[in-house]
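Heads up: the protein sequence lines correspond to chains A and B, in order.
Residues in the first sequence are numbered consecutively from 716, following my numbering.
Residues in the second sequence are numbered consecutively from 716, following my numbering.
Number of protein chains: 2
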Amino acid sequence: MAITLDIKQYMASKAEMVNKRLKELLVREDEYPQSVHKAMHYSLFAGGKRLRPALALASSEAVGADCAKAIDVACAIECIHTYSLIHDDLPAIDNDDLRRGAPTCHKAFGEAIAILAGDALLTTAFEIMAVINMPSRVFGGGLPSHVLSGGQTDNGRALQVISEIARAAGSVGMIGGQVVDIESEGKDISFPELEYMHIHKTGALMLASVRCGALMGGASDEDMIALTRYGEAVGLAFQIADDLLDVEGSQLAMGKHTGADRKKGKATYPAIMGVQESKRRATELADRAISSLEGFGNGAGALRSIAAYIVSRDR
Amino acid sequence: MAITLDIKQYMASKAEMVNKRLKELLVREDEYPQSVHKAMHYSLFAGGKRLRPALALASSEAVGADCAKAIDVACAIECIHTYSLIHDDLPAIDNDDLRRGAPTCHKAFGEAIAILAGDALLTTAFEIMAVINMPSRVFGGGLPSHVLSGGQTDNGRALQVISEIARAAGSVGMIGGQVVDIESEGKDISFPELEYMHIHKTGALMLASVRCGALMGGASDEDMIALTRYGEAVGLAFQIADDLLDVEGSQLAMGKHTGADRKKGKATYPAIMGVQESKRRATELADRAISSLEGFGNGAGALRSIAAYIVSRDR
Chain A
716 MAITLDIKQY
726 MASKAEMVNK
736 RLKELLVRED
746 EYPQSVHKAM
756 HYSLFAGGKR
766 LRPALALASS
776 EAVGADCAKA
786 IDVACAIECI
796 HTYSLIHDDL
806 PAIDNDDLRR
816 GAPTCHKAFG
826 EAIAILAGDA
836 LLTTAFEIMA
846 VINMPSRVFG
856 GGLPSHVLSG
866 GQTDNGRALQ
876 VISEIARAAG
886 SVGMIGGQVV
896 DIESEGKDIS
906 FPELEYMHIH
916 KTGALMLASV
926 RCGALMGGAS
936 DEDMIALTRY
946 GEAVGLAFQI
956 ADDLLDVEGS
966 QLAMGKHTGA
976 DRKKGKATYP
986 AIMGVQESKR
996 RATELADRAI
1006 SSLEGFGNGA
1016 GALRSIAAYI
1026 VSRDR
Chain B
716 MAITLDIKQY
726 MASKAEMVNK
736 RLKELLVRED
746 EYPQSVHKAM
756 HYSLFAGGKR
766 LRPALALASS
776 EAVGADCAKA
786 IDVACAIECI
796 HTYSLIHDDL
806 PAIDNDDLRR
816 GAPTCHKAFG
826 EAIAILAGDA
836 LLTTAFEIMA
846 VINMPSRVFG
856 GGLPSHVLSG
866 GQTDNGRALQ
876 VISEIARAAG
886 SVGMIGGQVV
896 DIESEGKDIS
906 FPELEYMHIH
916 KTGALMLASV
926 RCGALMGGAS
936 DEDMIALTRY
946 GEAVGLAFQI
956 ADDLLDVEGS
966 QLAMGKHTGA
976 DRKKGKATYP
986 AIMGVQESKR
996 RATELADRAI
1006 SSLEGFGNGA
1016 GALRSIAAYI
1026 VSRDR
């Protein structure tokens, strides 16, 4: 699948929109106590591609809405993704010292602040989602009133989004996948265990991004069925592609030490089913994601391109 | 202030109610992956007194509601409190190996699982609050449908509660206080810094417990003003009393190594203003909390007794 310039431009423009909004939503980095706020900003603005936010925004467009409807949920999801990276990098977990070409959060700020900055990003994500519809500040210190958008979705939908994202990020979602990943290190694991790990560790939050972007855009039940198929397929495709990049990619392109998975004896797709079969499976999943969008018109163009982009070599 | 048997009975009966409900709300400990679920249950059911839930339940009673209206929020707050204990005990933060008379979570399950179990408890708290009003399961795997209570509060109120609790638990609340606590170790800190630390580290979540219990009970704006005064006072009183117990309490009564604060060079009330002045201030704050409830009738009896209980020696 060829990647056009268009999708890279699309991703870049959405990333800019997300970065701008995140700066409005987050507590400023010079706010007391500064260390934790600096650490939160450091990791959040470390040059991530904002793939999950792009999925949420593209998904709201696919159901015919302005992507602005999903921007706050997209930002909340990126906070959750970033917290998970900070905690995964900790010495007690993956013990990585490099992330996106820069020192990991605990290398830059120490372990204690890194743990707490991760906790704070996770907590902030839920505050952001809870105030989406709120007409005014509460508790004498909520988010600045200018960031509050006015009643563009109903409160029931906001609660549904919070519960879906919490579940996707929790112990039977992303955290569950991370636990299995840790516990599988240096062991032979079965293919079902590998797939559980991938579907949960990466797939659950990507699926939630697609679903919740669409929910904020006012998706119909029928839309949601198709988009759930899309989200499941791209989530797994992404993780297989990530495993492949770890084997094949250069350190420069990845911004972290590659081959790290193999060194730690981590279970990966290429390790279990070989590079060629992994590539075939990733491409098949991207194709399946795209074909699940058959009922959608041009508004789903970005989602289609993102599926192709995810399994490409130059992402 | 004499503590009657009544308040201990009250606390015990609320703790039983909370424990029963937590077992319904939490993912079972034998669910895959078991390590993280076992760690979550281990720390959550380690014999905590459920003070914050008791405050939330008593607060809903104070505004004339059945405390059942606040039970899920009370459980969510206890999940957040427990996650904060797990992360605070980690080697990189307070490095404690004993909590409530038993090995801390990372001593029992290892650091990686302790970090992730804390993350999962925090995440679960928001899922619990988001589904309070939800009529049916979402995302093909939500909480069991029998635990969903039916529309007893409006969705806007549930979102307000989520945003208040997120803010109270976040980087300008509990986490902010913990950061200042860590950074003050071994240093001379000023009294304003000490009070910031106490108000945020412990006070913010206790205030949120009082306020959100009342919100779930349908409190009026006038009620909320009085209860906010109450919550601020008990939050600070509790932390001063806790500092005093660390200095004076026996290891048996505390279930952890006492004198630990002094050993780490931590800033405490007794260290800065002496034991007698600290006791005087704690009692004054408890009195202030009680007098802020003057406009309330017998329904606020439990809140009044909790304020006295908090500064007593035998809690």
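Note that CB positions come from ideal geometry on N, CA and C, so glycine has one too.
Opening and closing residue of the alpha helix (DSSP H) in which residue i lies
i: P768(A); result: L766 to A777
i: I847(B); result: Segment: none, I847(B) is in no alpha helix (DSSP H) and carries neither H nor E.
i: F906(A); result: F906 to H913
i: T943(A); result: D936 to E963
i: T797(A); result: I786 to D804
i: S899(B); result: M889 to S899
i: D924(A); result: The sequence shown places Ser at residue 924(A), rather than the Asp named in the question. Residues A919 to M931.
i: L1018(A); result: G1016 to I1025
i: L1000(A); result: V990 to S1006
i: K822(A); result: C820 to F824
Short CB-CB distance (under 8 Å) between residue i and chain B
i: L740(A); result: no
i: A982(A); result: no
i: L805(A); result: yes
i: H913(A); result: no
i: E731(A); result: no
i: S1027(A); result: no
i: P748(A); result: yes
i: I792(A); result: no
i: E937(A); result: no
Contact under 8 Å by Cβ, residue i with residue j
i: L770(B); j: V925(B); result: yes
i: M912(A); j: S899(A); result: yes
i: I828(B); j: S750(B); result: yes
i: V876(B); j: L930(B); result: yes
i: C782(A); j: L740(A); result: no
i: I1021(B); j: I722(B); result: yes
i: H764(A); j: M726(A); result: The question names His, yet the displayed sequence has Lys at residue 764(A). Cβ atoms of K764(A) and M726(A): closer than 8 Å.
i: G918(A); j: A835(B); result: no
i: E793(B); j: L737(B); result: yes
i: I904(B); j: A982(B); result: yes
i: A1015(A); j: A948(A); result: no
i: A941(B); j: A1001(B); result: no
i: L960(A); j: S993(A); result: no
i: E842(A); j: V887(B); result: no
i: G901(B); j: A780(B); result: no
i: V962(A); j: V990(A); result: yes
i: Y798(A); j: G833(A); result: yes
i: Y945(B); j: S878(B); result: no
Proximity to residue i [Cα-Cα], best of the options
i: K729(A); options: R882(A), S886(A) and D787(A); result: D787(A)
i: A934(A); options: G816(A), F1011(A), K738(A) and A1004(A); result: F1011(A)
i: N1013(B); options: E776(B), I914(B) and A986(B); result: E776(B)
i: D812(A); options: S758(A), I843(A), Y1024(A) and I795(A); result: S758(A)
i: A881(A); options: T839(B), L772(B), A807(B) and G892(B); result: T839(B)
i: A754(B); options: N734(B), G762(B), V778(B) and H821(B); result: H821(B)
i: A883(A); options: L922(A), I1025(A), T819(A) and V846(A); result: L922(A)
i: C927(A); options: A761(A), K784(A), G825(A) and R996(A); result: K784(A)
i: G892(A); options: Q724(B), E744(B) and P748(B); result: P748(B)
i: I914(B); options: Y984(B), D803(B), E937(B) and R872(B); result: Y984(B)
i: I847(A); options: N870(B), D938(B) and D809(B); result: N870(B)
Residue i at chain A interface by Cβ criterion, 8 Å
i: H752(B); result: yes
i: S851(B); result: Note that S851(B) scores 46 on pLDDT, short of 50, meaning its location in the model is unreliable; the coordinates nonetheless yield the value given after this. No, S851(B) does not count as interfacial toward chain A.
i: I801(B); result: no
i: P907(B); result: no
i: E826(B); result: yes
i: I808(B); result: yes
i: E947(B); result: no
i: E898(B); result: yes
i: Q724(B); result: no
i: G856(B); result: Low per-residue confidence applies at G856(B): pLDDT is 42, beneath 50, and the placement is therefore not dependable, though the value from the model is reported in the following sentence. At least one chain A Cβ lies under 8 Å of G856(B).
Residue i: contacting residues in chain E (beta-carbon distance under 9 Å)
i: M755(A); result: Here chain E cannot be found, since the structure's protein chains are A and B.
Residues in the stretch 862 to 896 of chain A having any Cβ partner in chain B nearer than 7 Å: N870, G871, A873, L874, Q875, I877, S878, E879, A881, R882, A884, G885, S886, V887, I890, G891, Q893, V894 and V895
Would you list, in chain order, the members of the stretch 830 to 848 of chain B that have their beta-carbon closer than 9 Å to a beta-carbon of chain A? I830, L831, A832, G833, D834, A835, L836, L837, T838, T839, A840, F841, E842, I843, M844, A845, V846, I847 and N848
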